[in-house]
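Chemist: Residue numbering for the sequence shown is 386 to 651, as defined by the working numbering.
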Amino acid sequence: MNLLSTLYSDSGKYKLHLHELIHALAENETKKYKQLSIMAEPDRARVATTVVFQGPKRRMDLVYHVSSDDTDTAEEVVLECQGYLTRMQMPPITSRNQLPTKPHLAQQSVTIAGMGCDSFAVFSKAINAITTVFERHATAAKTVTGLDVSSTGTLSFSNRYFTQHDEVDDLTPIPFSQQIDPLGFLASVAEGIHTADNNVQYFEKIDGSNKILYRKIGPEDIYPGLLVQIQCSFSAVPIGLKRYRVIAKLRSICILDRIVEKVSWW
């Protein structure tokens, strides 16, 4: 069963399916403010958001505006976007070969595609608007976006398994779950700390109910070809002298439907 072959063999059908889904969410008075596309509206990102510095020469995080200097109550901006999963690097970690040469830099990542859907393209405009917010606050610095959205027609999201000691203050470690690190390869990494900020959640939408419900799943239940919803946040990390790179941080991934999978089984 090759879901990607099915997806691309009838791309027009799945493009329309995705467009209808995104359009419905954008028109919903409750859900539209959670959509990444909301930041593509004129001045929305500039007026509604700002950044919080984690410290000198540390990363900047995108947050909603708060009054004066009350950054302690600043709420991280977490937004949602939808697309077909085309590439992934996810747990469980069952072999050391899944880890890079520097294990503390290991991450999980996903790439979603819009199949040429205009509604999906709005997500790229939103990311450009968010990048502008970072540029405005990075005094005397050059901000470089890490998302190549113009040429690929895809969006990528990632989250590292570890935070380094010098990145933020007051780090509180949390253990790896059995779903992520069943054999303890990540737990044995000496550098870095696994924190709540490194945690990614996995869900699937439950059909057949008048009320929208979700169930928790494991990362092993997710694979390319599925229609998914991504929750993401945004940061700008220093990559050199007066330079920052904007990253889209993966917060959660949710399977919305298995329309491509159902066709593949026929």
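Positions of the beta carbon are idealized from the N, C-alpha and C atoms, including for glycine.
1. In the DSSP output, what is Gly-625 paired with across the bridge?
2. Considering only their Cβ atoms, is the gap separating Val-631 from Thr-516 smaller than 9 angstroms?
3. Considering only their Cβ atoms, is the gap separating Val-645 from Leu-598 smaller than 9 angstroms?
4. Whose C-beta lies closer than 6 angstroms to the C-beta of Ile-624 among residues of the same chain, with five residues either side of it excluded?
5. Measure the alpha-carbon distance for Asp-581 versus Ala-511 and round it to whole angstroms.
6. Can you list, in chain order, the residues of its chain whose CB lies under 7 angstroms from that of Pro-605, leaving out five sequence neighbours each side?
7. Keeping to the same chain, check which residues put their C-beta closer than 6 angstroms to that of Trp-651; ignore five residues upstream and five downstream.
8. Out of Thr-548, Ile-559, Phe-508 and Ile-640, which has the shortest C-alpha to C-alpha gap to Gln-439?
9. What is the DSSP secondary structure of Gln-483, counted as helix, strand or coil?
10. Given a threshold of 16 other Cβ atoms within 10 Å of its Cβ, counted over all protein chains shown, does Ala-425 qualify as buried or as exposed?
11. Could you work out which residue in Phe-519, Val-585, Glu-576 and Asn-387 is closest to Thr-434 when comparing CA atoms only?
12. How would you call Lys-400, buried or exposed, if buried means at least 16 neighbouring beta carbons within 10 angstroms?
13. Over what stretch of residues does the beta strand (DSSP E) that includes Gly-468 continue unbroken?
14. What are the partner residues of Val-448, as DSSP defines its beta bridges?
15. Would you call the region 467 to 475 and the region 496 to 514 touching, i.e. three or more CB-CB distances under 8 angstroms?
16. Is Lys-634 closer than 9 angstroms to Ser-543 when the C-beta atoms are compared?
17. When the Cα of Ile-559 is compared with those of His-450, His-579, Gly-501 and His-404, which residue comes out closest?
18. Quick one: grab the DSSP three-state call for Phe-505.
19. For Lys-416, which residues from the same chain have a beta carbon less than 6 angstroms from its beta carbon, with the 5 sequence-adjacent residues on both sides left out?
20. Pull up the distance between the alpha-carbon of Arg-545 and that of Pro-427, whole angstroms please.
21. By how many angstroms is the C-alpha of Gly-501 removed from the C-alpha of Asn-482?
Modeler: On the basis of the supplied data:
1. Arg-628
2. yes
3. no
4. Arg-630
5. Note that residue 581 corresponds to Ala in the displayed sequence, not to Asp. Near 26 angstroms, if we compare the C-alpha coordinates of Ala-511 and Ala-581.
6. Per the sequence presented here, residue 605 reads as Glu, with Pro not at that position. For Glu-605, where only same-chain residues beyond five positions count, the Cβ hits under 7 angstroms are Pro-477.
7. Note that Trp-651 has pLDDT 48, beneath the 50 cutoff, so the model's placement of it is unreliable and no number is given.
8. Thr-548
9. helix
10. buried
11. Phe-519
12. buried
13. 464 to 474
14. Thr-435 and Glu-461
15. yes
16. yes
17. His-579
18. helix
19. Leu-410
20. 32 angstroms
21. 35 angstroms
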